[in-house]
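K.L.:
I'd like to ask you about the structure that follows.
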Amino acid sequence: MRIAMFYHSLVSDWNHGNAHFLRGVAAELLARGHEVSIYEPADSWSARNLAAEYGNQPVRDFERAFPRLRSTRYETPPLELEADLVIVHEWNSHDVVSALGQWRRENPGARLLFHDTHHRSVTDPGSMAAYDLREYDGVLAYGDVIRRIYMERGWAARAWTWHEAADSRVFFPRQAEREGDVVWIGNWGDEERTAELHEFLLEPVRDLGLTARIYGVRYPGHALEALERCGIEYSGWLPNYRAPEVFAQFGLTVHVPRRPYVESLPGIPTIRPFEALACAIPLICSPWDDAEHLFRPGTDYLVARNGSEMKEHMRAVLQDRSLRESLARNGLERIRSRHTCAHRVDELMDIYAGIAPAAVTEFAAQ
């Protein structure tokens, strides 16, 4: 099948956590023999910021890490497509989304899906409602709560829940010398979890006297000062595909979801728990509602209801080898049995089969 994918960026994961899943899906489709074309704007903010800070070396490193993944960078969206299925990620501009809708109108045999992987449906509904999805066959929403929003508000005719997942070709357990107790990979960002980071990460590390390291971007001065006061090493941007080797160097990691997911979008963990569990590093989460039962709290990971519980869990995980091994084993099993990019491509193929043109459906049934 010919599949075109319009991403915000394939080559850059600077403040672009969705890159893991987008790359993983593309790699899985290629491995199954599909013809995959990926397009991204030449001036994407992620690639632009990455180049401003690190030059061209990260793109060369990406090409070595993912030799089969390539994208076409465009000034104006290419509309002379030959594709059976087109997937448009929600970080594309309104103009690009509309232009592809027009392409779909002129190519009724193709299928066109919009892919939403962010909290803007509740934090910026005006912008999301402005996307013209009239010619789209439906929306891939990375949580059931977002799927329902599209349907209830009439933004789309159809929508399916399509969670993110781990790219098991890249995210798997590694062996390495232990370098510290706690590692956290995440961006400081828009002050959407500042208090939570202090309560569930910085202060427990400081109070327990642990060795810790943080990776990520968009850390303002006050955040860097807080890390220094807590004795936490800050190491800046980390290419996403290097996270597994870093996880292997630490005793545990923490997931601190942003406030919009906790308060308004239950059931959406974002990519971080998938990454950690796939690498078999013990994971402790601040509170979030696993409303769709993706994981098994207390079995695949621990939940800390407050900072005091976080300290208790950290101490227990670091001191109890059997607990560490149990969490690592159970979390990895859960990922491999339900939450890899291969599972999500299976789901995508099922969705496509349900909306494919009659001629394709009849051919597949023969």
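Take the sequence shown: its position 72, counted from the start at 1, is 80 in my numbering, and no numbers get skipped. Built from N, CA and C at the ideal position, the CB exists for glycine as well. Just so we're clear, the structure is a prediction, and the values are computed from it rather than from any experiment.
Drop a sphere of 10 angstroms on the beta-carbon of L108, count the other beta-carbons inside from all chains shown, and report buried for 16 or more, exposed for fewer.
P.N.:
Within the sequence shown, residue 108 is the residue found at index 100, counting from 1. Buried, by the Cβ-count rule.
K.L.:
Below 6 angstroms CB to CB, which residues in the same chain sit around A117 once its five sequence neighbours on both sides are set aside?
P.N.:
Taking the first residue of the sequence shown as position 1, residue 117 is located at position 109. The sequence shown places Gly at residue 117, rather than the Ala named in the question. Excluding residues within five positions, the ones whose Cβ falls inside 6 angstroms are P365.
K.L.:
Starting from W192, follow its DSSP beta bridges and name the residues at the other end.
P.N.:
On the sequence shown, position 184 is the one that residue 192 refers to. W192 is bridged to I222.
K.L.:
Is D145 helix, strand or coil by DSSP?
P.N.:
On the sequence shown, residue 145 is found 137 positions in, with the first residue counted as 1. Coil.
K.L.:
My output table needs one value for P247: the three-state DSSP class, helix, strand or coil.
P.N.:
Looking up residue 247 in the sequence shown gives position 239. Reduced to three states, the DSSP call for P247 is coil.
K.L.:
Keeping to the same chain, check which residues put their C-beta closer than 6 angstroms to that of T80; ignore five residues upstream and five downstream.
P.N.:
What you label residue 80 is simply residue 72 of the sequence shown in a count that begins at 1. These residues qualify, in order along the chain: Y47.
K.L.:
With distances taken from CA atoms, which of P274, A59, A361 is nearest V153?
P.N.:
Along the sequence shown, read from residue 1 onward, the residue named residue 153 stands at position 145. Among P274, A59, A361, the Cα nearest to that of V153 is on P274.
K.L.:
To the nearest angstrom, report how far apart T84 and A220 are at their CA atoms.
P.N.:
Taking the sequence shown and counting its residues from 1, the one referred to as residue 84 is at position 76. Taking the sequence shown and counting its residues from 1, the one referred to as residue 220 is at position 212. If you take the alpha carbons of T84 and A220, they lie about 44 angstroms apart.
K.L.:
For M273, which of helix, strand or coil comes out of DSSP?
P.N.:
Counting from one through the sequence shown, the residue named residue 273 turns up at place 265. Per the sequence presented here, residue 273 reads as Leu, with Met not at that position. Note: L273 maps to coil in three-state DSSP.
K.L.:
Going by alpha carbons, who is nearest to I343 out of L302, R323, N314, S316?
P.N.:
Translated into positions along the sequence shown, residue 343 becomes position 335. Of the candidates L302, R323, N314, S316, the one whose C-alpha sits nearest the C-alpha of I343 is L302.
K.L.:
Quick check: what's the CA-CA separation for P265 versus W196?
P.N.:
Residue 265 sits at position 257 when you count from the first residue of the sequence shown. Residue 196 sits at position 188 when you count from the first residue of the sequence shown. So the two alpha carbons sit approximately 11 angstroms from each other.
K.L.:
With DSSP as the reference, identify every bridge partner of E241, one or two as the case may be.
P.N.:
Taking the first residue of the sequence shown as position 1, residue 241 is located at position 233. Answer is R221, bridged to E241.
K.L.:
Mapping the DSSP letters down to three states, classify G32 as helix, strand or coil.
P.N.:
The sequence position of residue 32 within the sequence shown is 24, counting from 1. In the structure shown, G32 sits in a helix (DSSP, three-state: H, G or I).
K.L.:
Measure the beta-carbon distance from G194 to I363 and round it to whole angstroms, keeping in mind my assumption that it falls under 8 angstroms.
P.N.:
For the purposes of this step, residue 194 is taken as residue 186 along the sequence shown, with counting starting at 1. For the purposes of this step, residue 363 is taken as residue 355 along the sequence shown, with counting starting at 1. So it is not a contact: roughly 35 angstroms between Cβ atoms.
K.L.:
Would you say V178 touches the ligand SAM, meaning its beta carbon is less than 8 angstroms from a heavy atom?
P.N.:
In the structure on display, the ligand SAM does not appear, and there are no ligands present to speak of.
K.L.:
Do you know how far the Cα of H16 is from the Cα of P133?
P.N.:
Indexing the sequence shown from 1 puts residue 133 at position 125. Indexing the sequence shown from 1 puts residue 16 at position 8. Those two C-alpha atoms are separated by around 19 angstroms.
K.L.:
Threshold first: 4 residues or longer. Then list the alpha helix (DSSP H) segments lying entirely within the region 120-175, N to C.
P.N.:
Within the region 120-175, the complete alpha helix (DSSP H) runs of at least 4 residues are 128-131, 133-137, 152-160.
K.L.:
If you run the structure through DSSP and keep just helix, strand and coil, what is A39?
P.N.:
For the purposes of this step, residue 39 is taken as the residue at position 31 of the sequence shown. A39 falls in the helix class under three-state DSSP.
K.L.:
Could you check the C-alpha separation between N115 and N57 for me, to the nearest Å?
P.N.:
By one-based count along the sequence shown, residue 115 stands at place 107. By one-based count along the sequence shown, residue 57 stands at place 49. Each residue's alpha carbon lies about 36 angstroms from the other.
K.L.:
Look at D189 and G259 and say whether their C-beta atoms are less than 9 angstroms apart.
P.N.:
The residue given as residue 189 occupies position 181 in the sequence shown. The residue given as residue 259 occupies position 251 in the sequence shown. Cβ atoms of D189 and G259: closer than 9 angstroms.
K.L.:
How many whole angstroms separate the CB atoms of Y150 and H127, which I take to be in contact at a CB cut-off of 8 angstroms?
P.N.:
Sequence index remark: in the sequence shown, residue 150 carries index 142 (1-based). Sequence index remark: in the sequence shown, residue 127 carries index 119 (1-based). 10 angstroms between Cβ atoms; not a contact.
K.L.:
If you run the structure through DSSP and keep just helix, strand and coil, what is A118?
P.N.:
For this step, residue 118 is matched to residue 110 along the sequence shown. If DSSP states are grouped into helix, strand and coil, A118 belongs with coil.
K.L.:
For the alpha helix (DSSP H) containing A55, name the first residue and the last one.
P.N.:
Walking along the sequence shown from the start, residue 55 turns up at place 47. From DSSP, the alpha helix (DSSP H) with A55 extends over 53-62.
K.L.:
Pop quiz: W22 and V225 are said to be a contact at Cβ under 8 angstroms. What is the actual Cβ separation, rounded to whole angstroms?
P.N.:
Counted from its first residue, the sequence shown places residue 22 at position 14. Counted from its first residue, the sequence shown places residue 225 at position 217. Correct: roughly 6 angstroms between the Cβ atoms.
K.L.:
Since L340 and L285 are thought to touch, with beta carbons under 8 angstroms apart, how far apart are those beta carbons, to the nearest angstrom?
P.N.:
Taking the first residue of the sequence shown as position 1, residue 340 is located at position 332. Taking the first residue of the sequence shown as position 1, residue 285 is located at position 277. About 6 angstroms; that satisfies the 8 angstroms criterion.
K.L.:
What would DSSP say about A12, mapped onto helix, strand or coil?
P.N.:
In the sequence shown, counting from the first residue as 1, residue 12 sits at position 4. The answer is strand: DSSP assigns A12 an E or B state.
K.L.:
Just grab the DSSP bridge partners of H263 for me.
P.N.:
Working through the sequence shown from its first residue, we reach residue 263 at position 255. Beta-bridge pairing links H263 to C293.
K.L.:
Closest Cβ-Cβ distance between M9 and chain D: below 9 angstroms?
P.N.:
Within the model displayed, chain D is absent; a lone protein chain is all it includes.
K.L.:
For A39, which residues of its own chain have a beta-carbon under 7 angstroms away from its beta-carbon, when the five flanking residues on both sides are left out?
P.N.:
Looking up residue 39 in the sequence shown gives position 31. Within the same chain, A39 has no close Cβ partners at all.
K.L.:
From what residue to what residue does the alpha helix (DSSP H) around H97 run?
P.N.:
The residue given as residue 97 occupies position 89 in the sequence shown. That residue, H97, is in no alpha helix (DSSP H); its beta strand (DSSP E) goes 93-97.
K.L.:
Measuring alpha carbon to alpha carbon, tell me which of I95, A12, V19, H321 ends up nearest Y249.
P.N.:
The residue you call residue 249 lines up with position 241 of the sequence shown. When each option's Cα is compared against that of Y249, the closest is V19.
K.L.:
To the nearest angstrom, report how far apart A231 and A173 are at their CA atoms.
P.N.:
The residue labelled residue 231 in the question sits at position 223 within the sequence shown. The residue labelled residue 173 in the question sits at position 165 within the sequence shown. Computed Cα separation, rounded: 29 angstroms.
K.L.:
One question on the structure: do R332 and A256 come within less than 9 angstroms of each other, judged by their Cβ atoms?
P.N.:
For this step, residue 332 is matched to residue 324 along the sequence shown. For this step, residue 256 is matched to residue 248 along the sequence shown. Their beta carbons are not under 9 angstroms apart, which means R332 does not touch A256 by this criterion.
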